[in-house]
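**Q** The letter at position 415 of the sequence shown is residue 1464 when you use the working numbering, and the numbering goes up by one with no holes. The beta carbon of each residue, even a glycine, is placed where N, CA and C say it ideally should be. Structure incoming, see below.
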Amino acid sequence: MPSQQETSPSTSLATTPTFRLTPKQVEANRLLGGQQRHTMLYGGSRSGKTFVLCRAIATRAIRAPGSRHAIGRFRFNHCKTSIGFDTFPKMMSLAYPGVPYRLDRTDWYFEIAGSQIWLLGLDEKERVEKILGQEYATIYLNECSQIKKYDAVETIMSRLAQKTDLKNRAYYDCNPPGTGHWTHKLFIDKVKPASKKDALPKPDNFQSMIMNPADNAENLDSEYLASFAEMSEKKRKRFELGCFLADYDNALWVEDDLDSTRVQPADLPDMQRIAVGVDPSGAKGEEDERSDEIGIVVCGLGVDNRVYVLEDLSLRAHPSKWGAVAAHAYHKHRADLIIAENNFGGEMVVQTIKSIDKNVNVKSVNAGSRGKVVRAEPIASLWKENKAGMVGNEMQDLEDQMTEMTTAGFMGEKSPDRLDAMVWALTELTQGATFQFFWA
């Protein structure tokens, strides 16, 4: 395994680094130097993909003074915090500790060895227009599973045209989304994403490699690697094993929609209204494995008139316990009401919650003759229109149920209890006057 010093472009600029690339990063580095124009590194989370790609761009910037490069994500704020403030500075301190660089916080680019590395987000029109006014020797799209529309990628790539001593290259990385995403079509199926069947004229121009957390074990905490065992099988395949996930035919939600609309807690706006949805079951306690869980999901309507799924507290428990969980969620989130389906147990649901805390505002609803799919379809459409989003990355079981709901019914095991609770809460929030423009 070569040391970092052996692969540095300029020993006169870089002092001796104190780390070595992992064997997988060495392999990835070799691939990045191939003849292809487009290279994607994909796989599980924290596998070292972003580090090795940032290092590759810094290397190219140092080798070609005056060159220009771009690193982009779906949201500029995420690019700024994740790359600008975290990965890139860490990479420079390890890989090129003797190379001076600075971050321009007005136009948001790194200046290094006479070159520029710009940070961009596809969600800011003015910034994208500014980026499109320049040409680049390298364009790197980070977490590109969050970029839903391929035409946005094509637009950015039209600027991969700077004339330097470097071969112009496009880099991509992602935790694999669904098989319908453009990354799978382009790099795995080798077809044009727009048509989904026309073969690429130069398929060898698109190369990819998988990198997983186990490949980066020497740089990770053992407890982090062990935490994958606690994930659902679907999420484990994606975030530990780096597998593209097969989307169900006619699924109401797909992984791509969940990723591209996801919001992190730090970016969450203030809420106008908050509702706690409850979908009860006949469970008598935690040991009652035959019964479904009690769905308890907290949702909010933001001041930006988008709706957000704030927390999933679903569990299998005795009524006194799940009632306490629902009441606690009501106060914790300062909710306006708890909305609970009464088909299972009738008014018992309201009485259970009120017996825990008589001061909570509880509203019961009856599903009637409308099926789960009919209730879920208008809610799912909010994700398609970028009017709803999951908050954070912790609601894996709920997201599994969402992607398993199709126009033909629920394809998962047992009942979509978490999904039902979410649908009840979001239906309540979106039927109010403040949300009318959504349905215009």
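Hey, out of 1109, 1231, 1068, 1423, whose CA is closest to residue 1246's CA?
**A** Locating residue 1246 in the sequence shown gives position 197, counting from the first residue. The option with the nearest alpha carbon to residue 1246 is 1231.
**Q** Just to confirm before moving on: does the CB-CB distance between residue 1310 and residue 1191 stay below 8 Å?
**A** As a working mapping, residue 1310 is identified with position 261 in the sequence shown. As a working mapping, residue 1191 is identified with position 142 in the sequence shown. No, they are not a contact pair.
**Q** Could you tell me which residues DSSP pairs with residue 1255 in its beta bridges?
**A** The count along the sequence shown starts at 1 and reaches residue 1255 at position 206. In the DSSP output, where bridge partners are listed per residue, residue 1255 has 1087.
**Q** Which parts of the stretch 1382-1437 are runs of the alpha helix (DSSP H), unbroken and 4 residues or longer, counting only runs that do not cross its ends?
**A** As far as the stretch 1382-1437 is concerned, its whole alpha helix (DSSP H) runs of at least 4 residues are 1397-1405, 1421-1433.
**Q** Does the beta-carbon distance from residue 1490 to residue 1253 come in below 8 Å?
**A** Given that the chain is displayed from residue 1050 to residue 1489, the structure contains no residue 1490 and the question cannot be resolved.
**Q** May I ask you to verify whether the stretch 1258-1273 touches the stretch 1102-1110, counting CB pairs closer than 8 Å and requiring at least 3?
**A** Verdict: no, contact absent.
**Q** Is DSSP giving residue 1552 helix, strand or coil here?
**A** This structure leaves residue 1552 out entirely; the chain is present only between 1050 and 1489.
**Q** Quick check: the stretch 1153-1161 against the stretch 1197-1216, are there 3 or more CB pairs under 8 Å?
**A** With a cut-off of 8 Å, the stretch 1197-1216 and the stretch 1153-1161 do not count as touching, because too few Cβ pairs lie within range.
**Q** Mind checking if residue 1174 is an interface residue toward chain C, Cβ cutoff 8 Å exclusive?
**A** The structure shown has no chain C; it contains just one protein chain.
**Q** Can you name, in chain order, every residue of its own chain whose Cβ lies under 6 Å from the Cβ of residue 1424, other than the five neighbours on each side?
**A** Along the sequence shown, one-based indexing puts residue 1424 at 375. The answer, listed in chain order, is 1472.
**Q** Determine the burial state of residue 1183: buried for a count of at least 16 other Cβ atoms within 10 Å of its Cβ, exposed for fewer.
**A** For the purposes of this step, residue 1183 is taken as residue 134 along the sequence shown, with counting starting at 1. Exposed, since its Cβ has fewer than 16 Cβ neighbours within 10 Å.
**Q** Does the distance from the C-beta atom of residue 1321 to that of residue 1083 stay below 8 Å?
**A** Position 272 of the sequence shown holds residue 1321. Position 34 of the sequence shown holds residue 1083. Not closer than 8 Å, so no.
**Q** Tell me the residue span of the alpha helix (DSSP H) that contains residue 1306.
**A** Walking along the sequence shown from the start, residue 1306 turns up at place 257. That run of the alpha helix (DSSP H) goes 1304-1309.
**Q** For residue 1323, report the span of its beta strand (DSSP E) as first-last.
**A** Looking up residue 1323 in the sequence shown gives position 274. Element bounds for residue 1323: 1320-1328.
**Q** For residue 1355, which residues from the same chain have a beta carbon less than 7 Å from its beta carbon, with the 5 sequence-adjacent residues on both sides left out?
**A** Walking along the sequence shown from the start, residue 1355 turns up at place 306. For residue 1355, where only same-chain residues beyond five positions count, the Cβ hits under 7 Å are 1436, 1437, 1438.
**Q** Between the alpha carbons of residue 1377 and residue 1186, how many angstroms are there, rounded?
**A** For the purposes of this step, residue 1377 is identified with residue 328 of the sequence shown, where counting begins at 1. For the purposes of this step, residue 1186 is identified with residue 137 of the sequence shown, where counting begins at 1. Each residue's alpha carbon lies about 54 Å from the other.
**Q** So, under 8 Å CB-CB, residue 1342 and residue 1365 are touching, yes? Tell me the CB distance rounded to an integer number of Å.
**A** For the purposes of this step, residue 1342 is identified with residue 293 of the sequence shown, where counting begins at 1. For the purposes of this step, residue 1365 is identified with residue 316 of the sequence shown, where counting begins at 1. Contact flag correct, Cβ pair sits at about 5 Å.
**Q** Less than 7 Å between C-beta atoms, sequence neighbours within five positions excluded: which residues of the same chain meet that for residue 1176?
**A** Sequence index remark: in the sequence shown, residue 1176 carries index 127 (1-based). Hits under 7 Å: 1125, 1169, 1170.
**Q** Would you mind giving the Cβ-Cβ distance between residue 1242 and residue 1235, rounded to the nearest angstrom? I have them listed as a contact below 8 Å.
**A** Position 193 of the sequence shown, counted from the start, is the residue given in the question as residue 1242. Position 186 of the sequence shown, counted from the start, is the residue given in the question as residue 1235. About 6 Å; that satisfies the 8 Å criterion.
**Q** DSSP state of residue 1456, grouped into three classes?
**A** The residue given as residue 1456 occupies position 407 in the sequence shown. Residue state, collapsed to three classes: coil.
**Q** From the DSSP output, in three-state form, read off residue 1173 for me.
**A** Taking the first residue of the sequence shown as 1, we reach residue 1173 at position 124. Coil at residue 1173, not helix or strand.
**Q** One question on the structure: do residue 1349 and residue 1359 come within less than 8 Å of each other, judged by their Cβ atoms?
**A** Residue numbering aside, residue 1349 sits at position 300 when the sequence shown is read from its first letter. Residue numbering aside, residue 1359 sits at position 310 when the sequence shown is read from its first letter. Taking 8 Å as the Cβ cut-off, residue 1349 and residue 1359 qualify as a contacting pair.
**Q** Nearest CA to the CA of residue 1301: which residue from 1141, 1080, 1458, 1316?
**A** Position 252 of the sequence shown, counting from 1, holds the residue named residue 1301. Nearest C-alpha to residue 1301: 1458.
**Q** Measure how close the beta-carbons of residue 1450 and residue 1465 come, nearest whole angstrom, since I'm counting them as under 8 Å.
**A** Here residue 1450 refers to the residue found at position 401 when the sequence shown is read from its first residue. Here residue 1465 refers to the residue found at position 416 when the sequence shown is read from its first residue. That pair is a contact at about 5 Å.
**Q** Drop a sphere of 10 angstroms on the beta-carbon of residue 1305, count the other beta-carbons inside from all chains shown, and report buried for 16 or more, exposed for fewer.
**A** Here residue 1305 is taken as the residue at index 256 of the sequence shown, counted from 1. Result: buried.
**Q** Can you tell me the Cβ-Cβ gap for residue 1224 and residue 1287, rounded? I've got them flagged as a contact below 8 Å.
**A** Residue mapping note: residue 1224 aligns to position 175 of the sequence shown, counting from 1. Residue mapping note: residue 1287 aligns to position 238 of the sequence shown, counting from 1. Residue 1224 to residue 1287, Cβ: 6 Å. Contact.
**Q** When DSSP labels each residue in this structure, what does residue 1347 get in the three-state scheme?
**A** As a position in the sequence shown, residue 1347 is number 298, starting the count at 1. In this structure, residue 1347 counts as strand in the three-state DSSP scheme.
**Q** Could you check how far apart the C-beta atoms of residue 1346 and residue 1467 are, in whole angstroms? I think they sit under 8 Å.
**A** Reading the sequence shown from its first residue, position 297 is the one you call residue 1346. Reading the sequence shown from its first residue, position 418 is the one you call residue 1467. So it is a contact: roughly 6 Å between Cβ atoms.
**Q** So what's residue 1230 in DSSP terms, helix, strand or just coil?
**A** Translated into the one-based positions of the sequence shown, residue 1230 becomes position 181. Residue 1230 falls in the coil class under three-state DSSP.
**Q** Residue 1122 to residue 1414, Cα distance in whole Å?
**A** Here residue 1122 corresponds to residue number 73 of the sequence shown, with the count starting at 1. Here residue 1414 corresponds to residue number 365 of the sequence shown, with the count starting at 1. Approximately 41 Å between the Cα atoms of the pair.
**Q** Can you tell me where the beta strand (DSSP E) holding residue 1200 begins and where it ends?
**A** In the sequence shown, the residue the question calls residue 1200 occupies position 151. It is not in any beta strand (DSSP E) - residue 1200 instead sits in the alpha helix (DSSP H) that spans 1199-1206.
**Q** Report the option in 1132, 1151, 1429, 1189 whose CA atom is closest to the CA atom of residue 1090.
**A** For the purposes of this step, residue 1090 is identified with residue 41 of the sequence shown, where counting begins at 1. The shortest Cα separation from residue 1090 among 1132, 1151, 1429, 1189 belongs to 1189.
**Q** Straight-line CA distance for residue 1095 to residue 1266?
**A** Working through the sequence shown from its first residue, we reach residue 1095 at position 46. Working through the sequence shown from its first residue, we reach residue 1266 at position 217. If you take the alpha carbons of residue 1095 and residue 1266, they lie about 9 Å apart.
**Q** In terms of alpha-carbon separation, which member of 1074, 1268, 1475 lies closest to residue 1324?
**A** In the sequence shown, residue 1324 corresponds to position 275, counting from 1. Considering only alpha carbons, the answer is 1475.
**Q** Taking the CB atoms as reference points, tell me whether residue 1071 and residue 1097 lie closer together than 8 Å.
**A** Residue mapping note: residue 1071 aligns to position 22 of the sequence shown, counting from 1. Residue mapping note: residue 1097 aligns to position 48 of the sequence shown, counting from 1. Yes.
**Q** Does the Cβ-Cβ distance between residue 1329 and residue 1398 come in under 8 Å?
**A** Residue 1329 sits at position 280 when you count from the first residue of the sequence shown. Residue 1398 sits at position 349 when you count from the first residue of the sequence shown. Result yes, Cβ atoms of residue 1329 and residue 1398 sit closer than 8 Å.
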